[in-house]
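Please read the structure below before turning to the comments.
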Amino acid sequence: MEQIYEIEPLLKAGVCIQIHPQGYSMYPFIDPRRDEVVLAGIEDGSALRRGDVVLYRRENGMLVLHRIYKIGQDGLYLLGDHQTAIEGPVRREQVKGKMTGMVRDGRYMDVGNPGYRMLSVVWLWLRPARRAIMVPAARLRRMVRFALFRRNNKRYNK
23 MEQIYEIEPL
33 LKAGVCIQIH
43 PQGYSMYPFI
53 DPRRDEVVLA
63 GIEDGSALRR
73 GDVVLYRREN
83 GMLVLHRIYK
93 IGQDGLYLLG
103 DHQTAIEGPV
113 RREQVKGKMT
123 GMVRDGRYMD
133 VGNPGYRMLS
143 VVWLWLRPAR
153 RAIMVPAARL
163 RRMVRFALFR
173 RNNKRYNK
């Protein structure tokens, strides 16, 4: 059985934690079916920059993992990689941790990797066009999955 801990005290104590994210707001960069996220606590909000993925607590108490879109005088503006609506301002005190890497298919990927940083900056830049990119990509994925299903299903191969 999986152990459930309070995340915030661990992050505040300097413990790096690995969590399995829920939901698809950070898809395609973070897929909840296969990825786990490694988080570290942050001393203060000064170490944050555009493109960082942070864990923050909303006013309603929900913990959310989103990417920093913009840092303003009044706070942070965040959004999920699978979203176009920007949320904010979020106060720096609401930020509980910062993603340092992720585990995909058993392999650790560091967010400091130049390729990852470049992709995340480009994805932020493409925010207005995300829907135009994601909808056709999802349709193509479904068509490929169906074609593979038909090819592998004996009922269709008569």
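Heads up, the sequence shown is in this note's numbering, so the first residue is 23 and it goes up one at a time. For each residue, glycine too, the CB sits at the ideal point set by N, CA and C. As the structure is a prediction and not an experimental result, all values here were calculated from the model.
Under DSSP, Leu87 takes part in a beta bridge, and its partners are Leu77. Annotation: Lys118 to Arg173 spans about 48 Å, alpha carbon to alpha carbon.
Scanning its chain for C-beta atoms nearer than 8 Å, with the 5 sequence neighbours on each side dropped, one finds around Met131 the residues Gly123, Met124, Val125, Tyr138, in chain order.
With a 10 Å radius around the Cβ and a threshold of 16 neighbouring Cβ atoms, Pro136 comes out exposed. For the 9 Å CB-CB criterion, Pro54 and Pro43 form a contact. DSSP places Gly63 inside the beta strand (DSSP E), whose first and last residues are 57–63. DSSP places Gly137 in the helix class (H, G or I) of the three-state scheme. In this model, Val144 and Phe171 are separated by some 34 Å (Cα to Cα). Contact check for Ile90 against Leu77 fails: the beta carbons are separated by 9 Å or more. The three-state secondary structure of Met156, taken from DSSP, is helix.
Burial state of Asp127 is exposed, judged by a 10 Å Cβ sphere holding fewer than 16 other Cβ atoms. Counting the other CB atoms within 10 Å of its CB gives Asp96 a total below 16, which places it among the exposed residues. Secondary structure of Glu30 (DSSP, three-state): helix. With respect to the 9 Å criterion, Arg79 and Glu30 are classified as neighbours on the basis of their beta carbons. Per the Cβ contact rule, the region 56–64 is in contact with the region 34–43 (3 or more Cβ pairs under 8 Å).
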